[in-house]
Amino acid sequence: VKHPCPPMIMPAMWALSDFTSENGGTQIVLGSHIREHHRQPYHDEIARAAMPAGSVLIYTGGTIHGGGENSSDVTRTGMALQYCWSWLRQEENQYLANPPEIAREYPERLQRLIGYDFGGPYLGFYDGDNPHRIFEPGSDDPKQRSNPVIDARYNTMEMLQLGNVTPVPAPEREGESVASLTGAPPD
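With the working numbering as the guide, the letters of the sequence shown map in order to residues 186 to 372.
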């Protein structure tokens with residue numbers, strides 16, 4: 186995915202157990218959503234989400250993120266949900282109007298047109314793969330997160346102007362909470 190890109194997806198990581206630096210709580214690279222994709226982050230740009238169970242971390246989909254190493258003997262459990270703009274889908278909910286058992290009988294082109302295909306890079310996958318694979322049983326091909334045709338079209342789009350966005354300064358000490366990175370007063 187070309188960076189920077191318009192914020193179309195907002196992931197939310199819900200902490201079902203406490204997230205700490207020791208048990209590998211979610212890490213984000215500050216400012217990565219507004220920098221070129223090929224730039225490697227510096228260590229001091231990595232923020233660790235230290236948060237108690239019941240908390241949620243929300244960030245833009247273009248932000249480099251991932252779980253950290255769990256160096257403790259405590260299990261970390263979270264639930265990741267991705268939210269997107271409602272206009273990034275058809276007017277009528279085609280998955281209810283044409284569930285897989287009905288859509289299976291349609292021509293491939295129609296299956297893809299009504300949503301059993303990617304909607305953009307990293308947009309519309311099912312179980313981490315191309316949604317059209319549900320009609321291709323027994324496929325041993327590696328999972329796909331996008332396809333070259335969509336990627337080529339996406340690269341020719343004129344990106345929305347996000348204005349002057351300044352990344353939040355990186356923490357100077359390992360283990361600071363994300364809230365402290367936004368300028369919120371400490372607890």
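Glycine is no exception: its CB is placed at the ideal position from the N, C-alpha and C atoms.
On the premise that residue j lies in contact with residue i, defined as a C-beta separation below 8 Å, what is that separation, rounded to the nearest angstrom?
i, j, result
"Gly246", "Ile194", "3 Å"
"Leu266", "Ala197", "5 Å"
"Phe204", "Ala235", "6 Å"
Can you tell me whether residue i is buried or exposed? The criterion is at least 16 other CB atoms within 10 Å of its CB, across all chains shown.
i, result
"Ile213", "buried"
"Ser240", "buried"
"Pro316", "buried"
"Gln225", "exposed"
"Glu321", "exposed"
"Glu277", "exposed"
If you check the beta carbons only, do residue i and residue j fall under 8 Å apart?
i, j, result
"Tyr280", "Gly300", "yes"
"Gly313", "Lys328", "yes"
"Cys253", "Gly323", "According to the sequence displayed, residue 253 carries Gly and not Cys. No; because the gap between Cβ atoms is not below 8 Å, this pair is not in contact."
"Ser133", "Ile243", "Beyond the ends of the chain as shown, which are 186 and 372, falls residue 133; an answer cannot be given."
Leaving out the 5 sequence neighbours to the left and right, which residues in its chain are closer than 7 Å to residue i when beta-carbon positions are compared?
i, result
"Ser400", "The question about residue 400 has no answer here: the residues shown for the chain are numbered 186 through 372."
"Asn349", "Confidence at Asn349 is low in this model, with a pLDDT of 41, below 50, so its placement is unreliable and the value that follows should be read with caution. No residues qualify anywhere along the chain."
"Cys269", "Met193, Ile194"
"Pro285", "Ile319"
To which residues of the same chain is residue i closer than 8 Å at the C-beta, ignoring the five residues directly before and after it?
i, result
"Thr260", "Ser202, Asn208"
"Gly251", "Thr211, Gln212"
"Asn283", "Tyr291, Ile299"
"Glu293", "His317, Phe320"
Taking 6 Å as the limit between beta carbons, can you name the residues of its chain near residue i, skipping five residues before and five after?
i, result
"Pro237", "Asp203"
"Thr351", "Bear in mind that a pLDDT of 44 at Thr351, under 50, signals an unreliable position, so the number given afterwards is only what the model happens to contain. Result list for Thr351: empty, nothing under 6 Å."
"Gln296", "Ala288"
query: Unbroken alpha helix (DSSP H) runs of length 4 or more, entirely within the region 276-318: which are they?
result: The region 276-318 contains these whole alpha helix (DSSP H) runs: 279-282, 285-288, 293-298.
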